[in-house]
Amino acid sequence: KRASLERYFSPEVAKRVASGEIDLKLGGGVKSGTVFFSDIVGFTTMSEAMEPASVVTKINRYFKYMVDIVFHYKGTIDKFMGDAIMAVWNVWEPIEDEALMAVTAGIEMQNSVYLLNGEFLKEGEKEIHMGIGLNSGHFIGGNMGHEKRMECTCIGDNVNLAQRLESKAGRGHVFISETTFDRAKGRVLAVRLKPTRVKGKANPVTILSARGVNAPSREGKLFITSLPFKAGSPDGQDALLIKAKPLGDDLVLGLCLLRDQPKDNRLEMHFCVPELPPFMIPIELQGEVPTRATTGKCMKGVFSCAGTPLETLFNECVIESDKAPEDIPRGAVKAATATDH
């Protein structure tokens, strides 16, 4: 029984359900938590050119990566909807810093998609890209349906808003509401977009693009990030800055995911964060960091963020954008030539 429950719940929640601490009878009540939706951008179009069996295999590989991360950060899978995932935090058990945990899961999931795409490229398969939406607040959560067919789920306006945010998120984006940002208590690094209209809301809604979180560290600040850049040139290969540790005097120790081994120790990072102006930062690489990934390279190095958007992001946690969600392309973004900082 517990093994079956762990297919849907995190191991800790499954343990409590199996022991009877959590009752899964029909019914529900008002909950306060964070709701998550993700969706593969353009998957319908891509799957039309694939054999059905290949579609199932590909989506299941993707789900394996994503579900492991949800469970790692104490979330619960609510349901799968085609290639979409709905997950919730703080519904079946109290979770400290539930909004921060949910956003961190989203950031880690985007970074994992990069690693998964490395496998696909190696196998001659097409890459996939994902958009994520998160909202926090009160909603109705519980077991709904019929005694013969129940579903543990959440409904309500705040659930709908999370899905609306996801529908506006393009590749690599983790779009969050102001409520989620506020609940994370200054621990989320985000770009605040111009207000936009969403279905079901009379007034415009402000969406923030989460680009990192301030993770606890025994040695001071440590940012887990998902900041895309082109390696070496504006036309270079896709890469990601996935961790950043401020060292003082605007110097930062960074961790990058790259497709290939760099040719020398100095690498130009041409950042192509679509909600921000383009900028370039050189990084002095110090060596490779071992990972369990079967493709790509993880490199560490030191760079200066002085005079760039990262300086504001790392120091103030939020930066204002002159773009609304609809101004940001959902597909690939090419890095423009930017001034060397």
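Each step along the sequence shown adds one to the number in our numbering, with nothing skipped, and position 40 is 40.
Virtual Cβ for every residue (Gly too), placed ideally from N, Cα, C.
Everything numeric in this text was worked out from a predicted model, so none of it was measured.
- Proximity to residue 237 across 257, 243 and 247 peaks at 257, based on C-alpha coordinates.
- With contacts defined as CB atoms closer than 8 Å, residue 300 and residue 287 qualify as a contacting pair.
- Here residue 252 has 244, 246, 303 and 305 as same chain residues with Cβ atoms under 6 Å from its own Cβ, once five neighbours each way along the sequence are excluded.
- Linking residue 53 to residue 76 through their CA atoms gives a straight-line distance of about 27 Å.
- One thing to note: residue 329 has its Cβ no nearer than 8 Å to the Cβ of residue 131.
- In this structure the stretch 174-186 does not touch the stretch 57-73; the number of beta carbon pairs closer than 8 Å is below three.
- The straight-line gap separating the alpha-carbon atoms of residue 95 and residue 123 is approximately 39 Å.
- For the pair of segments examined, the stretch 207-215 was found not to touch the stretch 229-236: the number of CB pairs separated by less than 8 Å stays below three.
- Contact annotation, residue 113 with residue 129: C-beta distance approximately 7 Å; criterion of less than 8 Å satisfied.
- For the stretch 141-201, the continuous alpha helix (DSSP H) assignments of 4+ residues that do not extend past its boundaries occur at 157-168 and 178-183, in sequence order.
- The beta carbon of residue 30 sits closer than 7 Å to the beta carbons of 138 and 140 from its chain, once the five residues preceding and following it are set aside; these are given in chain order.
- Within a 10 Å sphere around the beta-carbon of residue 105 sit 16 or more other beta-carbons, which makes this residue buried.
- With contacts defined as CB atoms closer than 8 Å, residue 153 and residue 78 qualify as a contacting pair.
- Proximity to residue 118 across 295, 322 and 325 peaks at 295, based on C-alpha coordinates.
- Beyond the five residues adjoining it in sequence on each side, residue 70 comes within less than 7 Å, by CB distance, of 77, 87 and 105 in the same chain, given in chain order.
- Rounded to whole angstroms, the separation of the alpha carbons of residue 93 and residue 262 is 45 Å.
- For residue 49, the closest alpha carbon among the candidates 186, 311, 66 and 125 is that of 125.
- Separation of the CB atoms of residue 36 and residue 239 is rounded to 26 Å, and the pair is thereby denied contact status at 8 Å.
- Excluding residues up to 5 positions away in sequence, 237 and 296 lie with their Cβ nearer than 6 Å to the Cβ of residue 259 in the same chain.
- Residue 196 sits away from residue 178, with the two beta carbons spaced by 8 Å or more.
- As the crow flies, the alpha-carbon of residue 216 is around 12 Å from that of residue 188.
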